Every structure is written in C-alpha cells, then in structure tokens.
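Using my numbering, the letters of the sequence shown correspond one by one to residues 5 to 709.
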Amino acid sequence: MIFFRENLTKIFSRRDNILMTLAFLALVILFTSSYFSISFGFYPSSGGRIEILAIGIIVFFLVFLAKSFTWNDKSGLAILCLVQLFCVFSFLSYLDGRLIYSDDHPNFIYRLQLLREHFPQIPFYNPRWNAGYSSHEFYPTGVINIFFAAWPILYLVGDFNSVSGAVAYNYIIAYVFLGLIPLATYWAARLFLLSPVVALIAGVLALMPSMGYFEWVMRYGTLGFGFSLGLLPLVFALFYRLGFVEDSNRGKWFYVFALFAIFSLAFRWTPFALMLIPLALYFLLNIKRVFSNTNYTFWLVLALLLFTANVKWVWDFIELSKVGNFVSGNTLPGAHAKSFYSGSLVNTSDNVLQRSWSVFKAMGVKVNPLIYLFLIPGLCLLPDKHQRRALGLSVVYLLFLAAFGEQWKPQLELRRMILAASFLAILPVSLALVEFCKKLLELRKNKILTLNICATVAFIFLLGFIAIVPLVTASAYTNRSDEAFRFSDSLVDNLSAAVHRWSGKGRTFILGFILHDLNASDYSSQDGGHVSPLAIFSGRPFYASDYYHRRWSTVDPIPADYRARGEEGIEEFLDLVNTTAVITFRKEWVDYCKQRSWYKQVFQQGRFRLFRRTRNTGGPVLSGVGKVKETPSSIIVSPETQELVVKYRYYDRLRVFNSVSGVEIYPVFAFKSDTGKNTTEDISFIGLRLTAEALAAKPNIEIGF
C-alpha cells in the first residue's frame, strides 16, 4: 500500500498533473451523465458511449502495436491526412453528386460564380436581379476568402452556370473545411513549438471543435465566416512566432509573408479583427519585446503590405455596405433579439444575465467537452509564459463576447465567438491530452497490477474521446446529427430549364415573398435555400422580394400602393419591370394567374409553378425608342430617339464605358419599393439624353460601373 501511494505521489505531485486528473475525472462523470442524450449537443443524441469505448480499444491496440513508431511531421501529417480522407470520402459518398442547397449555400454558389466571372472588378453593375443592382455583396459575407482558397477548383473544375456544374461546390466545402483548416491548425501547433503528436491531435480536434461550427458552416452555409474562424489559430500562432520567438532572419521573413497572406485571407470576413483585440493589447503591453530593434523592420514591412492590400476594399466595404448604420443599430432588423439598452426591454441585471446565460448555454453544449475540461491544464502546460497569457486572455475575452455580446449588438451575432474560443483552445487542450496520455503510459509500466489496469482503462477511455471526433465529424457531414442540411432535388434544375425555355425576353417575376422556400421540405418549413442561383442556372433575369436575405421582414415585391389598386395596379407594376413570366408557390397567386387569360401555366413541380405572361409589357424601354442588351456586368443601349428611359435601376456609380461623346445618363423616378416595417425606398430608372450628333452615329452605349 505504501509503495502504491509513493508511485502516485511521484507521478501526480505537480499542479499540472492534478489539474489533468481532475479534468479526466470530470470527463468520467460527464460520460455517466445524461449529456449524451442532449439534443443539438456535440455528440449525436442517439448515443456515443459505446462508440467511444469501442474506438478507444481499437486505437489502444494500434498504439500498442506501434511501440517503435517514430513521431515526426511526416508521420503526424500522414495520419492526419488519412483521418481527413475518411471524413471527405464519407461526405462526398453521402452526397453522391447531389448539390447542397439549403439556407445560404445557394447564395455562396451564386457569389462564387460572380467572382469567377468578374474578379477583381468589384463592385459591378449586375442586371440579373431586380432590374439591376450594385454587386458588392462579397465584402460583408467574406466569400472572397473562399474564392481565393478554392480558385483551382473554380477555374479548373467548377463552372456554376448549371446545376450539374455547381456540384463542384461540394468539393470546395470538403477541400476547405475538412482539408485546409485541420492542416492549418496542425501548422499552428508546430509554430507554437508543440510536438508533432500534439499537432496531430490539434488537427483532429479542428475537424469539429463544436457542433455549432458545423451548424453555421453546413446548416446555414456561412462559409466566409467559417473559413476565417478556422484560420484563427494559425494567424494567432504566426503573430506569436514573429513577436516572441527568436528565429533567423530568413525564418522571420517567411513568417511576415505567411502572416500577410493568411491574415488578409481571414480578414475578408471583417469581424475577424475583433478576435485579435486581446492579442493586440498584449503586444502593446510587451512593446519593447515585440517591436525590438531586430523586429522593427519585419513589423514595418508587414504593416505596409497589409495596408496596401486591404485599404481599398475596406474603404469600399465601409462606403457601399453602410457599415456605420448597421453597427450603430441596437437590433437585428426584423428579429426578436434586442440589445439590453434598447427601449423595448427592462434594463435589469437579472434580465441581461438570464438572456446571456440562455444564449451561452445553447451554443456551449455544442462544444467538444474535451475543450472545456482540458483547457486550464493545457494553458498551464504551455511552454512559454507569453503563450499562456496571450492565449488565456483571448479565450476569456471571446467567451465574454459570446455570453454578453449578443445583448450589446445582436446584429453582429457575437454568440458565435464561442466557436472562435473553441478553435483557439484546441492548441493547449491538445497539449494537455498528449501529456496526460504520456502519464498514463508511465503508470502502465508500474508493477502494481491494480495501478496498471486503472491506467490502461483510463488510457483507452481518453483515446476514445479523442478518436471519436472524426466519427462525429463524418456523422454530421452525412446528416446523422441534429443539425441537418439539405441538397437539391430535381426541382432546381427543372425549374431553371423551364425558365430558360419559357420566360421570354423579359424578366421572370417571383410573386409573393420568398426566402428559404426553394427546395424546402414542405410549406411550413424554411429549410430550403435562396433563389439567387436561378439567374445563372437559367441564364435569364429575375425579380423577387429577397433573393439574398437582405431583409429581415416579410416584404412583397409588388409595392403596397400598386397592390392596393388590385389587378390594375399589379399588372401595371409587372409591366413596369418588364415581366414576361411569373413563378409562384402560393395558392392565392396560383388562383390569380389561373383566372386571367394572359397567364399560361407551362411548368409545375411540387409547390412551384411557372406561368408565361403573354400580355405586352412594352419591352425594356419605358419611354422613347431603342433596344437594350444585357451583359453579365452592364447593359448596352442602342437608342433611336434623343431621350429614352430604360427599365433598369439607376445608381450614382453608373457611367458610359465606351467613348461615346454627347451622352448623358440621369435618374428617373420609377416607384417606391417596400423595405419592411412601413418603410420605402425610392427606385429610379436609367434615363439617357443624347445630342443630335451622338444619335446620328447610331451608338451602342454600354453602361455599368
């Protein structure tokens, strides 16, 4: 008994070992609790305990058989790649050539195709939707980081102008989220001076640090946010390496250019900068160390590179997206979430704390429990005090934002910062897991049978919790979790083909409000996707209430003052926007079309119907005489009168491309568009005025940004 106690004291005498032991005991308690039956938690609610033990035993025997295995970067990366290939194969096999089509995924398909066609021309005039719009949606969504990362797939494999071509979008998701991000996390661990085996565990955990990460990436389709989030550990590690580690000048220059490239990529989702505030403050507190004479040149070059590469698009983003108005608000437009200082709520600490805890708990149960339990031991084990302090400060800050930020600025959806905290926590957690496994292996060498058996069981148990992560990832990506995504059936393809064939020379108008209805499972569900890709799949222009989810309230595309005049007003507005076909999935509009002779149904599948509109709309010219041709980023007007107005929206940025003198473009008020909550927006069409000499030259006037 004395010998048994002496061995325990020898191995578990240090504070770090005690912390790891407590974390492990908490994991055992969690294993026996009702945690595994929680809906929308990290593990599928159908089970998980048996799988953890089974895979733990399998991995234990693999470790036992590979006693003489040499751990280095080659072996660590090889194992990580095998794990990644398993997840990728599971995901792509499940999809079986079907296109992911739910929530924002269709929007990202559309945006990636637009970037493929137009980058770097941003913004540009896009006539494909709603009589023309300013196409700068790439800035707030962060889609440009996906575009840069996946450009080989986009240009060599993916042409998203058809549903079959857009299937390459599936490969982009697998490549970025199951491929690049775990490898980036592996590299981050190595930059943190952690061993290859720790880096391997970090890469495995990065596959799915939280089911909330999968929720935002796969269920909601916010790829730009997800990619920037996955790059956070690498950006953090590169900053640390450049500021606090003595490397050769050659190594420092490598980190400068790597940091420039990767930070610029992650910063394309602009709230990414919020995640680095604690690190920036820590750098300022250690300014003499970070910005020493030997480091000064590297930081100066990095700052110049970042400023040069990002200043223009950031300025355009602030100007075009009206960032100030968005951030200064107190609510998420149209949503129930209100800030704690908005007039609609009683400002009490109990109310704020209750709501904060509710939000935090909903996201917190989705995080891998290993991250919670081994974070503090891992922080204590990190080899450098600057790592411990900067990383610990950042994790606490991000958790605070996740808990209380939603009450401060709901429109920023800061509850997602818990996902950022979980990604950063991967680095110390992986270290703690590896160190604890080493301690258990040491105990297994003990001659006391009881201690040997306990260490073996504990080792198997811990290996199971680590090795289950790829299975949880594969389970989620094959729709066997509580967070489900949908893929397109034949409707999207068939509807696009029908529009291409029957829509005529004008626009296809979607009657009634539409959001996530396309490809939805039923009338009561909003589990489908947006309609934005229909414009590229069909090759025809469209008009709809909300093709991108820019509005948070139900808005009819036909303004209220037109609808108030019944059939006369409705048809007048459809003529005004040159409607030659209509799509509807609502009974009231189906009945409306069937009762009028100038609507001919030409397609029906499920809820959706397409009607040809045979009534004369007057064409694309509202007044005057001329012809209009659309290009992907402009319109070409061939005027036959000195003045004419075309049925395309006017923007101040519009100009005449080709060198045609004697041409003036100007706004002509057209109608007031409903924007929700009894507010409207004045919409103007493009007016052209030509001199007699210019008209005599019979010019083809190209108008765009």
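Heads up, the beta-carbon is just placed ideally off N, CA and C, and yes, glycines get one too. Remember, it's a predicted structure, so these values are computed and weren't measured experimentally.
(message) Let's test the definition: count the other Cβ atoms within 10 Å of the Cβ of residue 36 and tell me whether it reaches 16, buried, or not, exposed.
(response) exposed
(message) Using a Cβ distance threshold of 8 Å, determine whether the region 247-255 contacts the region 220-228, with at least three qualifying pairs required.
(response) no
(request) Check each candidate in 616, 493 and 607 and name the one with the smallest Cα separation from residue 600. (result) 616
(message) Let's see if you can read the secondary structure: which residues bound the beta strand (DSSP E) around residue 677?
(response) 667-680
(request) Express the C-alpha separation of residue 29 and residue 119 in angstroms, rounding to a whole number. (result) 51 Å
(message) Could you tell me the alpha carbon to alpha carbon distance between residue 552 and residue 530, rounded to whole angstroms?
(response) 14 Å
(message) Which of the three DSSP states is assigned to residue 685 in this structure?
(response) strand
(message) So for residue 133, helix, strand or coil by DSSP?
(response) strand
(message) In the DSSP output, what is residue 638 paired with across the bridge?
(response) 635
(message) Taking the alpha-carbon of residue 560 as reference, which of 185, 629 and 513 has the nearest alpha-carbon?
(response) 513
(request) Check whether the region 101-117 touches the region 490-498, taking contact to mean three or more Cβ pairs, one atom from each stretch, closer than 8 Å. (result) yes
(request) Could you tell me whether any Cβ in chain C is nearer than 8 Å to the Cβ of residue 141? (result) Absent here is chain C; the protein component of the structure consists of one chain.
(request) Compute the Euclidean distance between the alpha carbons of residue 435 and residue 193, then round it to the nearest angstrom. (result) 9 Å
(message) Using only CA atoms, which one of 85, 566 and 453 lies nearest to residue 210?
(response) 85
(request) Specify, as a first and last residue, the run of the beta strand (DSSP E) that residue 649 falls within. (result) 647-653
(message) Alpha carbons only, please: which of 145, 619 and 217 is nearest the one belonging to residue 369?
(response) 217
(message) Quick check: what's the CA-CA separation for residue 351 versus residue 416?
(response) Because the pLDDT at residue 351 is just 49, under 50, the model does not fix this residue reliably, and the point stays unresolved.
(message) Would residue 313 and residue 268 qualify as a contact pair, given that the criterion is a beta-carbon distance under 8 Å?
(response) yes
(message) So if DSSP puts residue 660 in a beta bridge, which residue, or which two residues, is it bridged to?
(response) 707
(message) Please state whether the Cβ-Cβ distance between residue 238 and residue 188 is less than 8 Å.
(response) yes
(request) Compare the beta carbon distance of residue 471 and residue 60 with 8 Å and say whether it is the shorter of the two. (result) yes
(message) Under 8 Å: do the region 634-643 and the region 690-705 share three or more Cβ pairs, one atom per stretch?
(response) yes
(request) Within the region 71-125, note down every full alpha helix (DSSP H) run reaching 4 residues or more, in order along the chain. (result) 77-99 and 109-122
(message) Determine whether the beta carbon atoms of residue 48 and residue 639 lie at a separation below 8 Å.
(response) no
(request) Specify, as a first and last residue, the run of the beta strand (DSSP E) that residue 161 falls within. (result) Premise fails: residue 161 is in no beta strand (DSSP E) and is neither H nor E.
(request) Within 10 angstroms of the Cβ of residue 665, are there 16 or more other Cβ atoms? Answer buried if so, exposed if not. (result) exposed
(request) Provide the residue span of the alpha helix (DSSP H) that contains residue 39, from first to last. (result) That residue, residue 39, is in no alpha helix (DSSP H); it is neither H nor E in DSSP.
(message) For a test of the three-state rule: what should DSSP assign to residue 573, helix, strand or coil?
(response) helix
(request) Evaluate the contact criterion for the region 199-213 versus the region 65-83: three or more CB pairs, one atom per stretch, below 8 Å. (result) yes
(request) Consult DSSP for residue 14 and reduce its assignment to one of helix, strand or coil. (result) Bear in mind that a pLDDT of 48 at residue 14, under 50, signals an unreliable position, so the model cannot answer this.
(message) Just to confirm the assignment: which complete beta strand (DSSP E) runs, minimum length 3, are found wholly within the region 494-518?
(response) 511-514
(request) Determine the DSSP secondary structure at residue 627, reduced to helix, strand or coil. (result) strand
(message) I'd like the list of long-range same chain contacts for residue 183, defined as Cβ closer than 8 Å, with 5 residues on each side in sequence excluded.
(response) 88 and 92
(message) Please return the same chain residues whose Cβ sits closer than 7 Å to the Cβ of residue 387, not counting the five positions on each side in sequence.
(response) 197
(request) Rounded to whole angstroms, what's the CA-CA distance from residue 175 to residue 636? Just pull it up for me. (result) 26 Å
(message) Check whether the region 669-688 and the region 648-658 are in contact - that is, three or more C-beta pairs closer than 8 Å.
(response) yes
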